[in-house]
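Student:
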Amino acid sequence: MSAVKVYLPRDASALAVGADEVADALRLACQSRGAAIELVRNGSRGMAWLEPLLEVATPGGRIAYGPVAVEDIEGLLDAGCLQGAAHPLCLGPTEAIPYFARQQRVSFARVGVIDPLSLADYEAHGGWAGLRRALAIAEGTGGGAAIVQQVIDSGLRGRGGAGFPTGIKWKTVLGAAATQKYIVCNADEGDSGTFSDRMLMEGDPYTLIEGMVIAGLAVGATQGYVYIRSEYPHAFAAMNEAVARASAAGILGADVLGSGRRFELECRLGAGSYVCGEETALLESLEGKRGMVRAKPPLPALEGLFGQPTVINNVISFASVPMILADGPAAYQAFGVGRSRGTLPFQLAGNVRFGGLVELPFGATLRELVFGFGGGTRSGRRVKAIQVGGPLGSYVPESQWDLPLDYEAYAAVGAVLGHGGVVVHDDTADMAKLARYAMEFCAVESCGKCTPCRIGSTRGVEVIDRIVGGSSNRLQQVVLLRDLCDTMLHGSLCAMGGMTPYPVLSALDHYPADFGLAVPQKDAA
Amino acid sequence: MKNQPPDTAGPAPDNHAAVVAELIAEHRDRPGALLPLLHAVQHALGHIPASAVPAIAAGLSLSRAEVHGVIGYYHHFRAQPAGRHVVQVCRAESCQACGGDALWNAAQQALGCEGGATRADGAVTLEPVYCLGLCAQSPAMQIDERVHARVTPEKLQRLVAAMEAGS
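Chains as they are written, first to last, in our numbering: chain A, 1 to 525; chain B, 1001 to 1167.
1. For chain B, is any of its Cβ atoms less than 8 Å away from the one on Arg105 of chain A?
2. Compute the Euclidean distance between the alpha carbons of Val504 of chain A and Val213 of chain A, then round it to the nearest angstrom.
3. Note down the Cα distance separating Trp128 of chain A from Gly380 of chain A, rounded to an integer number of angstroms.
4. Please report the straight-line C-alpha distance between Asp20 of chain A and Arg10 of chain A, rounded to a whole angstrom.
5. Which word fits Asn1015 of chain B, buried or exposed, when buried means at least 16 other C-beta atoms lie within 10 angstroms of its C-beta?
6. Could you tell me how far apart the beta carbons of Ala1123 of chain B and Arg1084 of chain B are, in whole angstroms, since I believe they sit closer than 8 Å?
7. Alpha carbon to alpha carbon, how far is Gly34 of chain A from Cys993 of chain B? Give it in angstroms, no decimals.
8. Just the chain A side, please: which residues come within less than 7 Å of Val1053 of chain B by C-beta, in chain order?
9. Identify every run of the beta strand (DSSP E) within the region 194-266 of chain A, keeping only runs that are complete inside it and at least 3 residues long; order them along the chain.
10. Tell me Ser1138 of chain B's beta-bridge partners as DSSP assigns them.
11. Going by the beta-carbon positions, is the gap between Thr166 of chain A and Val151 of chain A smaller than 8 Å?
12. Three or more beta-carbon pairs under 8 Å between the region 187-198 of chain A and the region 400-419 of chain A, yes or no?
13. Which residues in the same chain have their Cβ closer than 6 Å to the Cβ of Ala432 of chain A, if we skip the five residues on either side of it in sequence?
14. Excluding sequence positions up to five away, which residues of its chain have a Cβ less than 6 Å from the Cβ of Gly277 of chain A?
15. Can you check which of these residues, A:Val358, A:Gly375, A:Cys453, is closest to Val352 of chain A by C-alpha distance?
16. Look at the Cβ atom of Ile209 of chain A, then the Cβ atom of Val173 of chain A, and state whether they are nearer than 8 Å.
17. Does DSSP put Arg102 of chain A in a helix, a strand or coil?
18. Using a 10 Å radius around the Cβ and a threshold of 16 neighbouring Cβ atoms, would you call Ala14 of chain A buried or exposed?
19. What distance in whole Å lies between the Cβ atoms of Ala364 of chain A and Pro403 of chain A, which are believed to be in contact at a cut-off of 8 Å?
20. Would Leu1103 of chain B pass as an interface residue toward chain A - the criterion being a Cβ-Cβ separation below 8 Å?
21. Using a C-beta to C-beta distance shorter than 7 Å, which residues of chain B count as neighbours of Lys289 of chain A?
22. Which residues share a DSSP beta bridge with Thr343 of chain A?
23. Between A:Val311, A:Val478, A:Cys453, A:Arg466, which has its C-alpha nearest Ala518 of chain A's C-alpha?
24. Is there a C-beta anywhere in chain A that falls below 8 Å from the one on Leu1132 of chain B?
25. Suppose contacts are defined by Cβ-Cβ distances below 8 Å. Is Thr531 of chain A in contact with Glu368 of chain A by that definition?
26. Assuming Val388 of chain A and Asp426 of chain A form a contact by the criterion Cβ under 8 Å, report the distance between their Cβ atoms to the nearest whole angstrom.
27. Excluding the 5 residues flanking Cys529 of chain A on each side, which residues of the same chain have their C-beta closer than 6 Å to its C-beta?
28. For Pro329 of chain A, which three-state DSSP category applies?
29. Output yes if chain A places a C-beta closer than 8 Å to the C-beta of Gln1137 of chain B; else output no.
30. Which residues of the region 213-239 of chain A have a Cβ closer than 7 Å to any Cβ of chain B? Give them in chain order.
31. Could you tell me whether the Cβ of Phe195 of chain A comes closer than 8 Å to any Cβ of chain B?
32. Short of 6 Å in beta carbon distance, which residues of its chain neighbour Ala249 of chain A, apart from the five on each side in sequence? Order them along the chain.
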């Protein structure tokens, strides 16, 4: 009898709930029963409440069991889980689980499916098709410009948060004359409520590598760096191993897939600075300096890393590129709405029953995400506020939960999609406290270069304290807070100070009662 | 790395200079060498002693102020040794929405250690962390190299007891 293929994630979200212990118990139990298994430590399918999620390959497809604890192993084996048999933890075919089946997995198509570090598995699931296509294009008459054009045509916009058209950025770098250009991946995913970069790097690292090599071919860069935050040791380890294997296989190095073109890649570790997620601060950090924001212009595309033209994009932006090249820009462009094309891996987090990763085309609604996928709060209480787009994103009140999730629709109400993080708060949340936290976080993490952010954040904490502390001139303090936010919004060098007012003002506007203020009539909150 | 247990069994302080010199030689020719070098020093010694700064500065042709400024800028780098165990509790929004404040207080109590400090016996350092990327299973924490999610008060007690028994 040949070994049964069994999958158990090595993603940090599975490790954090005991996946290693479950793997050990499973190996031991199978050994003592003489049952032959081949255990694959895959990425996560993104259904976090089901981790550790055990999958068994059967002739009828992969059957899921979860969440599996060490104590469940004997019972599962007794029930015949290795044949995909019924058990109270059995969830049926993995890809038929509604949470998964209702998604459009594009950049996450392979995450949770393949063995993350197996080059053979990657290739068998369509890996390197985009790169081969890019090499063919680069050899043709169009050269790198023709690759750039494909990315422009796809409508891909930067997934880090700013939503700038990726292809336009690449075009600027392509047009810049320099002997050395760089490709830099921003994997400094510091936003609370986000984890898609981490999941992709742990679950399908070669996709990121492929996207970066294509970028190098497109703009004429031969060196790339992946800057990964130090809070992600598992992602850093996975990426380092993937880079080593891809180099040994001749995909990275002096002769990319035998094309005669060079592309080298190195992973670098951040050091716990949130503002290094801002692209110019990240470049400073890569250069070995304090992560201080640079004034723009010059754009990094013209004077980036070590003063050279640099493409700097988010993990998910690069990871979207292989599919665009392999299937053509029209296939990617077909997803989404308006000027927001393609898909976004939303991350459902906070006080939500079914948290995880939900990749959908732009245009779904927050209500659909939080209730249709997330099942409401984990506490069972009423949803009070949903913060979309990380610590610098607005608190979105119920009156806006039916807006389409696209860049323009959110911008129109003073909110942002950011990196796709969605953090749910129930009705025990104190919005004034969360607003104060936003200012406090900004004070702690400010790089200190510009005054509105460095000083404004500290003054912001003080003003909010006076408002909630029942100051006798509370309304004056509110005017002061709005004035301060206006200065930060318009006077800060980067999004750290410039967007901290988003959570603060949205909390104040939509939840005035939490600040001890009179509630204007007709406010949904 | 902060995420790894400080290497208290590592080289004795009088050996630090030799270790640092070796690491400088290994890293000095890399572009933007300072952060990788500081990571390597902290990994080897558990912290970046002030005595290492002049050598690092000279090795990378930087001023001591520049090196000192970088060490001080990043939360991850330590100028002082940490406790034998490092416990980090996430304080960011997603965990706040799931009882993160209570977990932070419970951790201080269970460890007998104030947040942001090292316990008097040197066994444990408790620190806030701003997001471990486990936000779909908040609240989350990390003990040395191990991450833990969906941490209930009971789970916290179990984890702390196991950690203390192991030390």
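Heads up, the beta-carbon is just placed ideally off N, CA and C, and yes, glycines get one too.
Tutor: On the basis of the data shown:
1. no
2. 40 Å
3. 45 Å
4. 8 Å
5. exposed
6. 5 Å
7. The displayed coordinates of chain B run from 1001 to 1167. Any statement about residue 993 of chain B would go beyond what the structure contains.
8. Within chain A, no residue comes near Val1053 of chain B; the closest Cβ sits about 14 Å away, beyond 7 Å.
9. 223-228
10. According to DSSP, Ser1138 of chain B bridges with nothing at all.
11. yes
12. yes
13. Val468, Asp514, Phe515
14. Asp188, Gly190
15. A:Gly375
16. no
17. coil
18. buried
19. Here residue 403 of chain A is Leu; the residue named in the question, Pro, does not match the sequence. At roughly 10 Å, the Cβ-Cβ gap does not stay under 8 Å, so Leu403 of chain A and Ala364 of chain A are not in contact.
20. no
21. Val1070
22. A:Pro361
23. A:Val478
24. yes
25. Chain A is shown only over 1 to 525; residue 531 of chain A falls outside these bounds and no answer can be derived.
26. Incorrect: roughly 16 Å between the Cβ atoms, too far for contact.
27. Outside the modelled stretch of chain A, which goes from 1 to 525, sits residue 529 of chain A, for which no answer is possible.
28. helix
29. yes
30. Ser230, Glu231, Tyr232, Pro233
31. yes
32. Leu119
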